[in-house]
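Student:
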Amino acid sequence: MIGYTEDIKQGNKKALQQRVEQLGHVALLMRRNGDEAQALKIEQLVAKGNAEEMSIAFCGHFSAGKSTMINTILGQELLPSNPIPTSANVVKIRGGQPAANVYTRHSGILHFDPQMNLEELKKFAVDGDQVEWVEICYPGLFLDEKSSLLDTPGIDSTDAAHKVATESALHLADAVIYMMDYNHVQAEENFNFTKMLTDRNKPVYLVINMIDKHVEFELDFDDYKESVEEAFATWNIKPDGIFYTTLAELDHPENQYDEFREKLISLYQHRTELLVDSILHASLALIEEHIRFLRRANQAQLEIVTEQIDKGLSALEEKGFHVTDEEGLIQLLASTEKEWTHLQQNKEQAYEEMEKELSSLLQNARLTYYSTNQAAEAYVETRKPGFKIGLFFTAKKTEEERQARLQALFNDVAEKVAGNLDFHYKQLLLAFADRYNVRDEAYNRAVHANQIELTTDWLSSLVKEGAGTSEYVMNFCQDISDSIKAKYRKQGLSFIDQLHSKLAEQVIAEEGKVKERLDELRILQQAFEQQKSYLDQETNTKQELTSLLSGDI
Numbered sequence: 003m004i005g006y007t008e009d010i011k012q013g014n015k016k017a018l019q020q021r022v023e024q025l026g027h028v029a030l031l032m033r034r035n036g037d038e039a040q041a042l043k044i045e046q047l048v049a050k051g052n053a054e055e056m057s058i059a060f061c062g063h064f065s066a067g068k069s070t071m072i073n074t075i076l077g078q079e080l081l082p083s084n085p086i087p088t089s090a091n092v093v094k095i096r097g098g099q100p101a102a103n104v105y106t107r108h109s110g111i112l113h114f115d116p117q118m119n120l121e122e123l124k125k126f127a128v129d130g131d132q133v134e135w136v137e138i139c140y141p142g143l144f145l146d147e148k149s150s151l152l153d154t155p156g157i158d159s160t161d162a163a164h165k166v167a168t169e170s171a172l173h174l175a176d177a178v179i180y181m182m183d184y185n186h187v188q189a190e191e192n193f194n195f196t197k198m199l200t201d202r203n204k205p206v207y208l209v210i211n212m213i214d215k216h217v218e219f220e221l222d223f224d225d226y227k228e229s230v231e232e233a234f235a236t237w238n239i240k241p242d243g244i245f246y247t248t249l250a251e252l253d254h255p256e257n258q259y260d261e262f263r264e265k266l267i268s269l270y271q272h273r274t275e276l277l278v279d280s281i282l283h284a285s286l287a288l289i290e291e292h293i294r295f296l297r298r299a300n301q302a303q304l305e306i307v308t309e310q311i312d313k314g315l316s317a318l319e320e321k322g323f324h325v326t327d328e329e330g331l332i333q334l335l336a337s338t339e340k341e342w343t344h345l346q347q348n349k350e351q352a353y354e355e356m357e358k359e360l361s362s363l364l365q366n367a368r369l370t371y372y373s374t375n376q377a378a379e380a381y382v383e384t385r386k387p388g389f390k391i392g393l394f395f396t397a398k399k400t401e402e403e404r405q406a407r408l409q410a411l412f413n414d415v416a417e418k419v420a421g422n423l424d425f426h427y428k429q430l431l432l433a434f435a436d437r438y439n440v441r442d443e444a445y446n447r448a449v450h451a452n453q454i455e456l457t458t459d460w461l462s463s464l465v466k467e468g469a470g471t472s473e474y475v476m477n478f479c480q481d482i483s484d485s486i487k488a489k490y491r492k493q494g495l496s497f498i499d500q501l502h503s504k505l506a507e508q509v510i511a512e513e514g515k516v517k518e519r520l521d522e523l524r525i526l527q528q529a530f531e532q533q534k535s536y537l538d539q540e541t542n543t544k545q546e547l548t549s550l551l552s553g554d555i
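Under our numbering, the sequence shown is numbered contiguously, ending at residue 555.
1) Tell me W135's beta-bridge partners as DSSP assigns them.
2) Measure the C-alpha to C-alpha separation of K262 and Q24 and round it to an integer number of angstroms.
3) Rounded C-beta distance between L334 and L520? I'm assuming under 8 Å.
4) By a C-beta neighbour count over all protein chains shown, 10 Å radius and 16 as the cutoff for buried, is T7 buried or exposed?
5) Can you tell me the Cα-Cα spacing of D37 and F295, whole angstroms?
6) State the Cα-Cα distance for the pair E357 and S373, rounded to the nearest angstrom.
7) Is K125 buried or exposed, if buried means 16 or more other CB atoms sit within 10 Å of its CB?
8) To the nearest angstrom, how far is it from the Cα of D538 to the Cα of N35?
9) Does the region 139 to 152 come close enough to the region 88 to 107 to have 3 or more Cβ pairs within less than 8 Å?
10) Could you tell me whether the region 67 to 85 touches the region 285 to 299, using the rule of 3 or more Cβ pairs below 8 Å?
11) Where does H185 land, buried or exposed, given buried means 16+ other C-beta within 10 angstroms?
12) If I measure Cβ to Cβ from A410 and keep anything under 6 Å in the same chain, skipping five residues before and after, which residues do I get?
13) On a Cα-Cα basis, can you pick out the residue from R437, D414 and S496 that is closest to V449?
14) Y207 lies in the beta strand (DSSP E); which residues open and close that run?
15) Could you give the first and the last residue of the continuous beta strand (DSSP E) run that contains Y180?
16) Alpha carbon to alpha carbon, how far is I525 from T548? Give it in angstroms, no decimals.
17) Helix, strand or coil: which one does DSSP assign to I58?
18) State buried or exposed for N73, treating a residue as buried only when at least 16 other CB atoms are found within 10 Å of its CB.
19) Nearest to G243 by CA position, among Q528, A101 and A235, is which residue?
20) What are the complete alpha helix (DSSP H) segments, minimum 4 residues, inside the region 444 to 501?
21) Pull up the CB-CB distance for E54 and L276, whole angstroms please, since I reckon it's below 8 Å.
22) Output the distance between the C-alpha atoms of D222 and I210, rounded to the nearest integer angstrom.
23) In the DSSP output, what is H113 paired with across the bridge?
24) Can you find at least 3 beta carbon pairs, one from the region 246 to 264 and one from the region 185 to 194, that sit closer than 8 Å?
25) Hey, could you find the ends of the alpha helix (DSSP H) L282 is sitting in?
26) Hey, would you say L432 sits closer than 8 Å to N446, going by beta carbons?
27) By alpha-carbon positions, which one of V230, K487 and A102 ends up nearest to P141?
28) Helix, strand or coil, according to DSSP, for D521 in the structure here?
29) With the cut-off set at 8 Å, would you say I474 and V382 are in Cβ contact?
30) Out of curiosity, what's the CA-to-CA distance linking W460 and I486?
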């Protein structure tokens with residue numbers, strides 16, 4: 003390990019202060035999300051960082067000799083040690099003026115002088131029913147007021163309170179000493195527990211205790227050590243160190259007790275450096291736990307939303323819309339909104355479009371030709387004052403001639419209307435019905451049967467009295483064309499009114515279907531957004547907390 007110079011120490015203190023400031027923001031966000039438990043643990047890390055207090059936790063089975071090892075290292079019998087399970091609580095030991103606090107479940111905090119009441123304190127250490135944890139300050143140790151050792155209940159305890167106590171100690175521990183009995187190293191519980199610690203990036207040191215039980219002629223000790231290392235490597239566990247110890251035979255050739263004690267002292271000497279990393283990794287572990295809290299909190303709502311999505315997609319499938327994900331839903335929603343807009347435009351623009359096309363048809367229809375002009379001129383001549391037939395004219399013959407010329411003009415006009423207007427007019431009206439999907443046989447029959455009334459009386463009524471010039475004949479032909487087109491326009495608009503009414507009825511019915519589908523799709527889209535929101539909350543919160551921790555925001 004690097005030399006611990008004063009410059010490095012000051013740099014580590016500054017880094018520690020920055021880390022503590024960042025943790026305050028992390029706790030606020032966790033509390034805002036409703037996770038009081040993790041917020042409190044973060045605040046414990048803040049207090050730990052402000053106090054620059056380092057602690058090393060001793061963990062392992064009840065029979066691994068943790069308490070005896072701690073007593074030996076400290077040179078004081080502060081902890082009860084017996085062949086039977088001892089510490090049922092977390093016992094915290096640190097240097098300083100003699101004092102002891104017993105945190106009970108129902109009687110508050112009890113205060114003792116450890117130098118005067120040590121045996122009574124040991125009784126509290128094994129009382130897991132009434133006592134939560136014990137704190138002992140004792141002078142003359144290699145520990146100072148900011149350094150502590152934690153003795154924890156055995157991990158094989160079946161008492162849930164013991165497990166909570168151990169977990170609480172691990173949360174604040176900057177390093178963990180995991181002790182095992184020589185004969186019980188291969189227990190699966192050892193691998194599970196130490197794997198959990200290394201996954202949290204806790205510095206972990208393995209202590210294989212009671213190696214005096216080793217029988218050399220049965221197994222070479224080097225082979226034993228190799229088997230231990232291989233076993234942990236199989237679980238992908240990489241401890242920061244492994245020590246083989248015995249307190250029963252201090253002069254045992256393989257005993258590494260002295261090296262182990264020196265490692266502990268070295269860790270405390272590099273307290274601030276270790277604290278910076280320890281608080282960071284503990285915070286990251288709490289962030290992961292907070293994310294699990296959010297997942298549990300959102301799980302019920304997420305299941306409801308997911309079920310809603312599944313039902314919505316199934317309902318669409320039954321209606322012939324194959325949608326499997328949000329992207330498909332967005333595409334269907336866009337096309338349905340386009341369909342809705344088209345319906346609205348159809349209803350609003352259909353009449354205008356039909357009227358415009360009818361006007362265009364009438365405007366472009368040519369109804370008078372040269373033959374029409376000739377017939378019109380001949381008829382207009384009969385309307386001049388003094389018109390007569392022959393030298394010996396009679397009123398009867400004159401009128402017969404007038405009617406004959408009128409009929410000739412009428413026949414010419416009727417022929418032009420039939421060929422140049424009526425057919426195209428009816429085709430246009432029928433095309434309107436097809437274009438707007440109006441299925442109405444009565445309308446179609448009415449269009450086919452429609453006859454615009456044109457009579458000789460109508461035709462003769464268009465002649466203005468006093469007409470007779472060649473220029474007037476041209477105007478007369480225009481009047482004929484305009485009058486015919488006006489009749490067709492009036493009747494055509496009547497048909498358009500009928501068609502538009504039918505179209506409006508159909509659009510209203512279709513609008514109802516499309517509107518219902520739109521509502522379903524929008525509700526389903528909201529469900530997808532809610533689902534994404536729940537899932538994104540985990541990612542976004544983790545990113546935000548990590549950024550807060552690193553000081554990026």
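Think of the CB as a built atom: it goes at the ideal place given N, C-alpha and C, for glycine as much as any other residue.
Tutor: Reading from the atomic positions:
1) Residue 135 sits at position 133 when you count from the first residue of the sequence shown. Paired residues: V92 and Y105.
2) Here the question's residue 262 lines up with position 260 in the sequence shown. Here the question's residue 24 lines up with position 22 in the sequence shown. First, the residue type needs correcting, since residue 262 is Phe and not Lys in the sequence shown. Approximately 34 Å between the Cα atoms of the pair.
3) Position 332 of the sequence shown holds residue 334. Position 518 of the sequence shown holds residue 520. Wrong, their Cβ atoms sit about 10 Å apart, outside the cutoff.
4) One-based indexing of the sequence shown puts residue 7 at position 5. Residue placement at T7 is flagged as unreliable, the pLDDT there being 44, under the threshold of 50; a coordinate-derived value is accordingly withheld.
5) Taking the sequence shown and counting its residues from 1, one reaches residue 37 at position 35. Taking the sequence shown and counting its residues from 1, one reaches residue 295 at position 293. Roughly 7 Å separates the two Cα atoms.
6) Within the sequence shown, the letter at position 355 stands for residue 357. Within the sequence shown, the letter at position 371 stands for residue 373. Rounded to whole angstroms, E357 to S373 spans 31 Å at the Cα level.
7) Looking up residue 125 in the sequence shown gives position 123. Classification for K125: exposed.
8) Position 536 of the sequence shown, counted from the start, is the residue given in the question as residue 538. Position 33 of the sequence shown, counted from the start, is the residue given in the question as residue 35. Roughly 14 Å separates the two Cα atoms.
9) Verdict: yes, contact present.
10) no
11) In the sequence shown, residue 185 corresponds to position 183, counting from 1. Looking at the sequence shown, residue 185 is not His but Asn. N185 comes out exposed.
12) Within the sequence shown, numbered from 1, the residue matching residue 410 stands at position 408. Closer than 6 Å at Cβ, skipping near neighbours: A377.
13) As a position in the sequence shown, residue 449 is number 447, starting the count at 1. Nearest option by C-alpha distance: S496.
14) Against the sequence shown, residue 207 aligns to sequence position 205. V206 to N211 is the extent of the beta strand (DSSP E) around Y207.
15) On the sequence shown, residue 180 is found 178 positions in, with the first residue counted as 1. Here the beta strand (DSSP E) through Y180 covers A177 to D183.
16) Counting from one through the sequence shown, the residue named residue 548 turns up at place 546. Counting from one through the sequence shown, the residue named residue 525 turns up at place 523. Near 34 Å, if we compare the C-alpha coordinates of I525 and T548.
17) Counting from one through the sequence shown, the residue named residue 58 turns up at place 56. Note: I58 maps to strand in three-state DSSP.
18) Residue mapping note: residue 73 aligns to position 71 of the sequence shown, counting from 1. Per the 10 Å Cβ criterion, buried.
19) In the sequence shown, residue 243 corresponds to position 241, counting from 1. Measuring from the Cα of G243, the nearest candidate turns out to be A235.
20) 458 to 463
21) Within the sequence shown, numbered from 1, the residue matching residue 54 stands at position 52. Within the sequence shown, numbered from 1, the residue matching residue 276 stands at position 274. Their Cβ separation, rounded to whole angstroms, is 11 Å, which puts E54 and L276 out of contact at 8 Å.
22) Along the sequence shown, one-based indexing puts residue 222 at 220. Along the sequence shown, one-based indexing puts residue 210 at 208. Straight-line Cα distance between these residues: approximately 16 Å.
23) For the purposes of this step, residue 113 is taken as residue 111 along the sequence shown, with counting starting at 1. H113 is bridged to N103.
24) no
25) For this step, residue 282 is matched to residue 280 along the sequence shown. That run of the alpha helix (DSSP H) goes R273 to E320.
26) Here residue 432 corresponds to residue number 430 of the sequence shown, with the count starting at 1. Here residue 446 corresponds to residue number 444 of the sequence shown, with the count starting at 1. Yes, the pair counts as a contact, with Cβ atoms nearer than the cut-off.
27) Residue mapping note: residue 141 aligns to position 139 of the sequence shown, counting from 1. Ranking the options by Cα distance to P141, first place goes to A102.
28) Position 519 of the sequence shown, counting from 1, holds the residue named residue 521. Three-state result, D521: helix.
29) Taking the first residue of the sequence shown as position 1, residue 474 is located at position 472. Taking the first residue of the sequence shown as position 1, residue 382 is located at position 380. Per the sequence shown, residue 474 should be read as Tyr rather than Ile. Going by C-beta atoms, Y474 is nearer than 8 Å to V382.
30) Numbered from 1 along the sequence shown, position 458 holds the residue referred to as residue 460. Numbered from 1 along the sequence shown, position 484 holds the residue referred to as residue 486. Looking at the two C-alpha atoms, the distance is approximately 10 Å.
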